[in-house]
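Novice: Taken in sequence, the protein lines are chains G and P. Residues in the first sequence are numbered consecutively from 6, following the working numbering. Residues in the second sequence are numbered consecutively from 43, following the working numbering. The beta carbon of each residue, even a glycine, is placed where N, CA and C say it ideally should be.
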Amino acid sequence: MSSTGDARMQSAAPKAAFKLSMLLYDQRYRSITIQIVFLFALMLGIAWLVDNTINNLRALGRDFSFAFLGNPAGYDINQRLIEYDSQMTHGRAALVGLLNTILLAIMACALATVLGIVAGVLRLSNNWIVARLMTIYVEIFRNIPTLVWIIIFGAIMSESMPAPSAFRGDDPSASMLLGDAVAMTNRGVYIPAILFDNNLGNLNLGVVSPSINWILVLLAILGGIFAHKRIVAHATAVQNATGERPKTWWKTIAVIAGPVVLLFIFFGAHLEYPELRGFNFQGGIHMRNSLIAMWLGLGIYTGAFVAEIVRSGILAISRGQSEAAAALGLQPGKTMRLVILPQALRVIIPPLISQYLNITKNTSLGLAVGYMDLRSTLGGITINQTGRELEGMLLMMAIYLIVSLTISSLMNVYNNRVKLKER
Amino acid sequence: MSDTQPISYVRDTMLGQQEPPATQRGVVKWLRENLFSNWLNSILTLAALVAIYLILTSVGPWLLNSIWDAESLRECRDILDGTPGACFAVITDRWHQLLFGFYPPEHYWRPVLALVLLLIALAPILFAELPRKMLYFSAVFPFIGYHLLWGGSVWFPISVFLGFVAGYIAFRALAKVSALVSVIGAVAATLVWWFFIAGPFDAAMYSVAPIGLEFVRSESFGGFLISLVIGVTGISLSLPLGILLALGRQSDMLFVKTVCVVFIEFIRGVPLITLLFTASLLLNYFLPPGTNFDLILRVIIMVTLFAAAYMAEVIRGGLAALPKGQYEAADALGLDYWKAQRLIIMPQALKISIPGIVNTFISLFKDTTLVVFIGLLDPLGLSNAIRADTAWTGIYWELFIFIGALFFIFCFSMSRYSMYLERKLKTDHR
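Below, the structure is given as structure tokens:
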């Protein structure tokens, strides 16, 4: 606003001699004065804080160094995605914690998205009872703090689930679900794991060493998705040329599922079921109570917010759009896929990004149920053991900041792709 | 049969309208339209009914068969004798702790009175129909509320208040000289009063007239009292701070803008819990050696800064949604920057951002539960403390229901108020 005024004044104002009072009263100079004063105050403030910190550290006889990250950690982490034992370094422990944070964030984001889309769409359905139920879900979960939900789910897992011993005996009081595949106990949930007979070993990348088998499976899936895109593009080209769209669904299934199935057969993949041995279940994947409580707490809580976002996104599309689609002769499914959804997505994506960021930041509440995330490893036990609060906290904040900025920039790239292209 | 036969009967009046068919009226029609319009809807309805039935049969007896009067969980179980039932006796036994923490019981009237006065102070802000004179009370309420909750010398909040009075007097006295000088003078007068006169004034007046309520230490605050103190203070401070940050981010001045952007993005990029730990662990590093101030105050500062960054983004959205013509019109009227903001820009921008602002308030209030991690006894912390007592070991759901219900009441009424405000301020006709 004032910049245009400045420009005009600069050309019109008479060339008066510079007076000191013009620094305050002349619009041309005032903003510079304010900024210099502001900058000075800011520098003074920062200098004061740094000076205090240096004095305090000196008084405590400490230095400022991150060398503690290389020292042995000496504590165990009960959930680890990469190899770790208590003899490894604090830095390694922080990495294990960070991976746990990321795992939880991805799981919770997926659950929240699915729940949110279902609840948001059902809340708009003309089925009276279902719409009311979804409203109750959204209002109850939105208006009670996440932390309360996390603790409630933690209590449900540890208090209401049967102990492993309840599964024993001829007439057990508890039984496994899905044909003896899943066991829900008060020590966590046991699900089958996929194991390979022919292991190709691990790829050593220095810090982490993922299994080559899984890397190949992942590559096959990515390749399948790429091939699917080519098939669809080809189908569109054929349609444009001839007017007939060739059927593509079986090709898509073949290119995506085919290589994966072949790889699985070649590797000799089989499921390892959890089994009750001794006092506990053995085998399979053990999802700890802390992980389940965090996953359900964050996922269902944030799902209520996503539901509201989806609902407002769909409501934002005017009725004329679906009427126009009907007038063009599009079937309801195609109306949704080709007309409503692409427009609703533009409204939905930006607030959805901030919900994903919220989930990522809320994973730091893991402490409440003993989930070993970044906050519990680097920001918890490591700080307590080494006494390096300042360094540990700053490092942890920096890591969270990097993760948040990465997610938001990735999602912004996606947002730019789906957003309406205007001039 | 034959055409000679006389016609015996001719209807000379219209038949009355027939009732619509049974499937097209009343309950049946409603059911068909709203619950069983097609097979997918029918399946959904049946699934929903089954879900409701399962929830009611599992939770219903437990809730209906609840015990409200017992000394311990064991006694509850003895009374219930194996049948499912809730033991709400823990609430009758410990409700005062969940609400007030370890606040001295003989002083419970003070937080209660503070809450009532808070509602009176909020009323003129929330509802524009009330007389505007009530706003004077809202202005002095923070000082009354502080004195009621913490107590101590009555002259302390008065001397702080007098600092604002001194600033106002200086502002009026210098207003004739120039706007800028009067603002600088007002700030200077307030600071001079607070740093040099307030302390001796407080001490002198207290020695002359030692009036005041008994001092209550911050450590004894707990339960919903602490959630409300942090929540209400954070909410009332974060809005003005958020507006300033949003204006700073939109500013033409490069330094101001950069600092605001860095501040907002930093705060929004880290979890609140790290900021709370900074308040409890690291603040001692950043402040001069020997400074030590109240933990609740530190938490309030951190929560306010956190909410202000989110508030700034919400308000920036509102500012961005205003058509450029509004700014140009304000310029054309010859209004200076602050007048334009106050009279033209902000009323419209804030109106657009009401839903977002109230959402930020609600999440701030919910986030007050995180103080449990730095050792403050909020309702969740107290529920752990109650469970640590042998009488109530193993009691979970009753406490969670009580805590959840209280949070629900506050947050739900906030969201309903925001809808009311939106409807009231809606001036377009769509």
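What first and last residue would you give for the beta strand (DSSP E) that runs through Phe-328 of chain P?
Specialist: By one-based count along the second sequence, residue 328 of chain P stands at place 286. Per DSSP, Phe-328 of chain P belongs to no beta strand (DSSP E); it is in the alpha helix (DSSP H), 325 to 328.
Novice: By how many angstroms is the C-alpha of Leu-418 of chain P removed from the C-alpha of Ser-327 of chain G?
Specialist: The residue given as residue 327 of chain G occupies position 322 in the first sequence. The residue given as residue 418 of chain P occupies position 376 in the second sequence. The alpha-carbon atoms of Ser-327 of chain G and Leu-418 of chain P are separated by roughly 53 Å.
Novice: Please list the partners that Glu-144 of chain G has in chain P, where partner means a Cβ-to-Cβ separation under 9 Å.
Specialist: By 1-based counting over the first sequence, the position of residue 144 of chain G is 139. Under the 9 Å cutoff, chain P gives Phe-450, Phe-454, Ser-457.
Novice: Taking the Cβ atom as the reference point for each residue, do Leu-422 of chain P and Val-413 of chain P lie within a distance shorter than 7 Å?
Specialist: Sequence index remark: in the second sequence, residue 422 of chain P carries index 380 (1-based). Sequence index remark: in the second sequence, residue 413 of chain P carries index 371 (1-based). No; because the gap between Cβ atoms is not below 7 Å, this pair is not in contact.
Novice: Below 8 Å on the Cβ atoms is my contact criterion, and I expect Ile-404 of chain P with Leu-318 of chain P to pass it. Report the Cβ-Cβ distance as a whole number of Å.
Specialist: The residue labelled residue 404 of chain P in the question sits at position 362 within the second sequence. The residue labelled residue 318 of chain P in the question sits at position 276 within the second sequence. In fact, because the Cβ distance is near 19 Å, the residues do not count as touching under 8 Å.
Novice: Drop a sphere of 10 angstroms on the beta-carbon of Val-213 of chain G, count the other beta-carbons inside from all chains shown, and report buried for 16 or more, exposed for fewer.
Specialist: Translated into positions along the first sequence, residue 213 of chain G becomes position 208. Exposed, since its Cβ has fewer than 16 Cβ neighbours within 10 Å.
Novice: Please go through the segment 407 to 460 of chain P and give each complete alpha helix (DSSP H) segment of 4 or more residues, from N-terminal end onward.
Specialist: DSSP runs (the alpha helix (DSSP H)) wholly in the segment 407 to 460 of chain P: 421 to 430.
Novice: With DSSP run on the structure shown, which of helix, strand or coil describes Gly-10 of chain G?
Specialist: Here residue 10 of chain G refers to the residue found at position 5 of the first sequence. Confidence is the limiting factor: at Gly-10 of chain G the pLDDT is only 45, short of 50, which leaves the residue's position unreliable, though a coordinate-based value still follows. In this structure, Gly-10 of chain G counts as helix in the three-state DSSP scheme.
Novice: Does the separation of the CB atoms of Phe-237 of chain P and Ser-224 of chain P fall below 7 Å?
Specialist: Position 195 of the second sequence holds residue 237 of chain P. Position 182 of the second sequence holds residue 224 of chain P. The answer is no: Cβ separation not under 7 Å.
Novice: On the three-state DSSP scale, how would you describe Leu-276 of chain G?
Specialist: For the purposes of this step, residue 276 of chain G is identified with residue 271 of the first sequence, where counting begins at 1. In this structure, Leu-276 of chain G counts as strand in the three-state DSSP scheme.
Novice: With distance defined between alpha-carbon atoms, name the residue in G:Ser-295, G:Ile-364, G:Gly-229, G:Tyr-419 nearest to Leu-372 of chain G.
Specialist: Walking along the first sequence from the start, residue 372 of chain G turns up at place 367. Nearest C-alpha to Leu-372 of chain G: G:Ser-295.
Novice: On the premise that Gly-121 of chain G lies in contact with Ile-314 of chain G, defined as a C-beta separation below 8 Å, what is that separation, rounded to the nearest angstrom?
Specialist: Within the first sequence, the letter at position 309 stands for residue 314 of chain G. Within the first sequence, the letter at position 116 stands for residue 121 of chain G. That belief holds up - the Cβ atoms of Ile-314 of chain G and Gly-121 of chain G are roughly 7 Å apart, short of 8 Å.
Novice: Under 8 Å Cβ-Cβ, which residues of chain G neighbour Ser-79 of chain P?
Specialist: Your numbering for residue 79 of chain P matches position 37 in the second sequence. Asn-131, Asn-132, listed in chain order.
Novice: Since Phe-73 of chain G is in the alpha helix (DSSP H), which residue starts that stretch and which ends it?
Specialist: Translated into the one-based positions of the first sequence, residue 73 of chain G becomes position 68. Looking at the DSSP string, Phe-73 of chain G is not in any alpha helix (DSSP H), and its letter there is neither H nor E.
Novice: Rounded to whole angstroms, what is the Cα-Cα separation between Phe-78 of chain P and Thr-87 of chain P?
Specialist: Taking the first residue of the second sequence as 1, we reach residue 78 of chain P at position 36. Taking the first residue of the second sequence as 1, we reach residue 87 of chain P at position 45. In a straight line, the C-alpha of Phe-78 of chain P is about 7 Å away from that of Thr-87 of chain P.
Novice: How about Tyr-306 of chain G: is its C-beta nearer than 7 Å to some C-beta of chain P?
Specialist: Along the first sequence, one-based indexing puts residue 306 of chain G at 301. Judged by the 7 Å Cβ criterion, Tyr-306 of chain G is not in contact with chain P.
Novice: Is Gly-311 of chain P close to chain C? Criterion is C-beta to C-beta, closer than 7 Å.
Specialist: No chain C is present in this structure, whose protein chains are G and P.
Novice: Between which residues of its own chain and Arg-13 of chain G is the CB-CB distance below 6 Å, once the five residues before and five after are set aside?
Specialist: As a first step, residue 13 of chain G must be located in the first sequence, where it is residue number 8. Per-residue confidence for Arg-13 of chain G stands at a pLDDT of 47, beneath the threshold of 50, marking its modelled position as unreliable; the derived number appears in the next sentence. Same-chain partners within the cutoff: there are none.
Novice: Should Gly-311 of chain P be listed as close to the ligand ZN, given that the test is whether its C-beta is under 6 Å from any heavy atom?
Specialist: With respect to the ligand ZN, the structure shown offers nothing to examine, as it has no ligands at all.
Novice: Kindly indicate the opening and closing residues of the beta strand (DSSP E) around Met-292 of chain G.
Specialist: Locating residue 292 of chain G in the first sequence gives position 287, where the first residue counts as 1. Its beta strand (DSSP E) spans residues 290 to 292.
Novice: What residue ranges within the segment 240 to 271 of chain P form continuous alpha helix (DSSP H) runs of no fewer than 4 residues, ordered along the chain?
Specialist: For the segment 240 to 271 of chain P, whole alpha helix (DSSP H) runs of length 4 or above, ordered along the chain, are 240 to 250.
Novice: Could you tell me the alpha carbon to alpha carbon distance between Tyr-338 of chain P and Met-398 of chain G, rounded to whole angstroms?
Specialist: Indexing the second sequence from 1 puts residue 338 of chain P at position 296. Indexing the first sequence from 1 puts residue 398 of chain G at position 393. At residue 338 of chain P the sequence reads Ile, which differs from the Tyr that was named. Those two C-alpha atoms are separated by around 20 Å.
Novice: Hey, is Tyr-376 of chain G's beta-carbon within less than 7 Å of any beta-carbon in chain P?
Specialist: Here the question's residue 376 of chain G lines up with position 371 in the first sequence. False, the Cβ-Cβ gap to chain P never drops below 7 Å.
Novice: Would you list, in chain order, the members of the segment 328 to 356 of chain P that have their beta-carbon closer than 8 Å to a beta-carbon of chain G?
Specialist: Here the close residues are Phe-328, Leu-329, Pro-330, Pro-331.
Novice: Would you check if the segment 436 to 450 of chain P and the segment 278 to 287 of chain P touch, i.e. whether three or more CB-CB distances between them fall below 8 Å?
Specialist: Contact between the segment 278 to 287 of chain P and the segment 436 to 450 of chain P is absent, because fewer than three Cβ pairs lie under 8 Å.
Novice: Would you tell me roughly how many angstroms separate the C-alpha atoms of Val-235 of chain G and Leu-335 of chain G, rounded to the nearest one?
Specialist: Numbered from 1 along the first sequence, position 230 holds the residue referred to as residue 235 of chain G. Numbered from 1 along the first sequence, position 330 holds the residue referred to as residue 335 of chain G. Looking at the sequence provided, one finds Arg at residue 235 of chain G rather than Val. Rounded to the nearest angstrom, the two C-alpha atoms are 25 Å apart.
Novice: Could you tell me which of P:Ile-451, P:Thr-410, P:Ile-396 sits nearest to Ser-460 of chain P, measuring between CA atoms?
Specialist: Counted from its first residue, the second sequence places residue 460 of chain P at position 418. It is P:Ile-396.
Novice: Does Gly-143 of chain P pass the burial test, meaning 16 or more other C-beta atoms within 10 Å, or should it be called exposed?
Specialist: Within the second sequence, residue 143 of chain P is the residue found at index 101, counting from 1. With 16 or more other Cβ atoms within 10 Å, it is buried.
Novice: For Asn-356 of chain P, which residues from the same chain have a beta carbon less than 7 Å from its beta carbon, with the 5 sequence-adjacent residues on both sides left out?
Specialist: Along the second sequence, read from residue 1 onward, the residue named residue 356 of chain P stands at position 314. According to the sequence provided, residue 356 of chain P is Val. The question's Asn does not apply to it. Ser-395, Gly-398, Ile-399, Thr-402, listed in sequence order.
Novice: What do you reckon, are the CB atoms on Asn-148 of chain G and Cys-453 of chain P nearer than 7 Å?
Specialist: Against the first sequence, residue 148 of chain G aligns to sequence position 143. Against the second sequence, residue 453 of chain P aligns to sequence position 411. It is a contact, given that the beta carbons lie within the stated cut-off.
Novice: According to DSSP, is Val-194 of chain G part of a helix, a strand, or is it coil?
Specialist: What you label residue 194 of chain G is simply residue 189 of the first sequence in a count that begins at 1. Here Val-194 of chain G sits in strand by DSSP.
Novice: What residues in its chain sit with their C-beta under 8 Å from that of Ile-157 of chain G, if we drop five residues either side in the sequence?
Specialist: Mapped onto the first sequence, residue 157 of chain G falls at position 152. The residues are Gly-302.
Novice: Where do the N-terminal and C-terminal ends of the beta strand (DSSP E) with Phe-286 of chain G fall, by residue?
Specialist: Numbered from 1 along the first sequence, position 281 holds the residue referred to as residue 286 of chain G. Where Phe-286 of chain G is concerned, the enclosing beta strand (DSSP E) stretches over 285 to 287.
Novice: Assess contact between the segment 89 to 98 of chain P and the segment 132 to 139 of chain G, defined as three or more Cβ pairs (one per stretch) separated by less than 8 Å. Is contact present?
Specialist: Contact holds: three or more Cβ-Cβ distances are below 8 Å.
Novice: Measuring CA to CA, which of P:Arg-358, P:Gln-292, P:Asp-294, P:Val-234 is closest to Leu-281 of chain P?
Specialist: Here residue 281 of chain P corresponds to residue number 239 of the second sequence, with the count starting at 1. Measuring from the Cα of Leu-281 of chain P, the nearest candidate turns out to be P:Arg-358.
Novice: Can the beta-carbon of Gly-187 of chain P be found less than 7 Å from the beta-carbon of Val-258 of chain P?
Specialist: Along the second sequence, read from residue 1 onward, the residue named residue 187 of chain P stands at position 145. Along the second sequence, read from residue 1 onward, the residue named residue 258 of chain P stands at position 216. Not in contact: Gly-187 of chain P and Val-258 of chain P (Cβ atoms no closer than 7 Å).
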